[in-house]
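Numbering (this note's numbering), first residue to last: 1 to 457.
Have a look at this one:
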């Protein structure tokens, strides 16, 4: 019998053949014969006893399903039969979803994957409920930030916000049948990896295409990440070119802040978290590249994104929360706003690139706002030197404060509070200690002045 929708032959067993098990489980089920060639002739297997132990364990641990594994004998040759039943829920292999079609295995991506998930579950991945996390397990600070920003954006009233957390989540469509949806955990839990690994934002500063200077991994609720990520980029990873107009200090960054803000928030709100891949922000001397996984509406391309279009968010509930917090719009104008912000500083429009289910946004720096690379690298080395020299003496918080002051002498107490995750009072106390002990000094007034770091202390 030749291979067909329900039969696959393999001459030997390899762990990667779990993809075929995954494909059968996601389709109509089927049988894999190990120890048979493509024509269905038994060629035999060595060490069948060990494989009879290994294969069931690999299937269960790698896919979370149970398959029937039998030892068969023909003409004195041992071979193995793996019977796979169709699964009632989506089965993935290392974040990949495979499907048996005819006599071939295909990896599902894009709309095909979205439709498959919805067909199997009736929900998008982010909207499936969780059993082991309750409202009480969510992060209070994340709720405080959301309420503050939703009130500031005037998209929710104080009366609408001053309700218990559970009622607020229900109003935001983040609960079903009294249970939290995965989207609620991603948005408001301090450890979103409870529902999916890779649910974080990674930022890296590169001196060129290869050398990584330093990086940050923001592993927290999406609300807390959104609250600090833009400040982190502009206060640690970018350097403004300073000029003076009639004795007034003017700082010009090589990338439009409003454009980067919109692009980063779009990446977080519209990311397909089902893949378990972090959002990545790569910062180079003359470029910023923002990457996330996505499932575009059927028929859409990057050209569609660059034209006026309807707002059809993949993560409707996450996008809804980001809208109320004032982070994004709901009229499909995000990319138009990005282009307008770039034009506002004289920079080129960003370039969008779709590779499989990965969307990348490439920003090119405004040449006239670039500073000498050596200056930025020197400050980076200075920060590293400071960390090595004063780390144990000062402790992590004060060391971090001094490193931020090196990169951005005009940084504010509120900005430091967000970046460090401590109160403004705690920041003021640490600044006071550093100043009294001669590690830093203030030049100019509280507003309009800057800090200087005494690295040789």
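Note that beta-carbon positions come from the ideal geometry of N, C-alpha and C, so glycine has one too. Note that the structure is a prediction, hence the values are computed from the model and not measured.
- In this structure, residue 63 lies near residue 18, with their beta-carbon atoms less than 8 Å apart.
- A Cβ-Cβ separation of about 13 Å leaves residue 232 out of contact with residue 279 under the 8 Å criterion.
- Per DSSP, residue 255 is not a residue of any alpha helix (DSSP H), being assigned neither H nor E.
- According to the DSSP assignment, residue 68 belongs to no alpha helix (DSSP H) but to the beta strand (DSSP E) extending over 68-74.
- Per DSSP, reduced to three states, the secondary structure at residue 233 is helical.
- Excluding five sequence positions before and after residue 265, the CB atoms of its chain that fall closer than 7 Å to its own CB belong to 226, 322, 327 and 328, given in chain order.
- For residue 334, the enclosing alpha helix (DSSP H) has its first and last residue at 334-345.
- Rounded to whole angstroms, the separation of the alpha carbons of residue 195 and residue 224 is 17 Å.
- Residue 3 holds the alpha-carbon nearest to the alpha-carbon of residue 38 among 46, 50 and 3.
- DSSP places residue 427 in the uninterrupted alpha helix (DSSP H) bounded by 424-436.
- In terms of Cβ geometry, residue 139 and residue 206 do not form a close pair [threshold 8 Å].
- Of the candidates 401, 180 and 60, the residue whose Cα lies closest to the Cα of residue 135 is 180.
- For residue 403 and residue 289, the gap between their C-alpha atoms comes out near 24 Å.
- Taking 3 residues as the minimum length, the beta strand (DSSP E) runs contained wholly in the region 261-294 are 279-283 and 287-293, in order along the chain.
- Remark: C-beta atoms of residue 271 and residue 183 do not approach each other more closely than 8 Å.
- The DSSP-derived three-state label of residue 17 is helix.
- Taken through DSSP and simplified to helix, strand or coil, residue 441 comes out as strand.
- Annotation for residue 326: no beta strand (DSSP E) segment contains it, and DSSP assigns it neither H nor E.
- In the three-state reduction of the DSSP assignment, residue 149 falls in the helix class, which pools H, G and I.
- Put simply, the backbone Cα of residue 399 is about 14 Å away from that of residue 437.
- For residue 252 against residue 263, the beta-carbon gap comes to about 19 Å, at or over 8 Å, which does not count as contact.
- For the pair of segments examined, the region 300-311 was found not to touch the region 361-372: the number of CB pairs separated by less than 8 Å stays below three.
- For residue 416, the uninterrupted alpha helix (DSSP H) run begins and ends at 413-420, by DSSP.
- For residue 304, the enclosing alpha helix (DSSP H) begins and ends at 302-306.
- Counting C-beta atoms within 10 angstroms of its own C-beta, residue 50 has fewer than 16 neighbours from the protein chains shown and is therefore classed as exposed.
- Straight through space, the alpha carbons of residue 324 and residue 160 are spaced by roughly 11 Å.
- Counting other Cβ atoms within 10 Å of its Cβ, residue 355 stays below 16 and is therefore classed as exposed.
- By the criterion of a C-beta distance shorter than 8 Å, residue 28 is surrounded in its chain by 5, 6, 86 and 100, once the five residues flanking it on both sides are discounted.
- By the CB criterion at 8 Å, residue 8 and residue 40 fall outside the cutoff.
- For residue 358, the uninterrupted beta strand (DSSP E) segment begins and ends at 358-364.
- Each residue's CA atom was taken as its position, placing residue 157 and residue 54 some 58 Å apart.
- Secondary structure of residue 244 (DSSP, three-state): strand.
- Across the set 68, 237 and 258, the C-alpha of 68 shows the shortest separation from the C-alpha of residue 52.
- Out of 220, 215 and 48, the CA that lies nearest to the CA of residue 421 is found in 220.
- For the pair residue 20 and residue 105, the CB atoms are nearer than the 8 Å cut-off.
- For residue 396, the enclosing alpha helix (DSSP H) has its first and last residue at 396-407.
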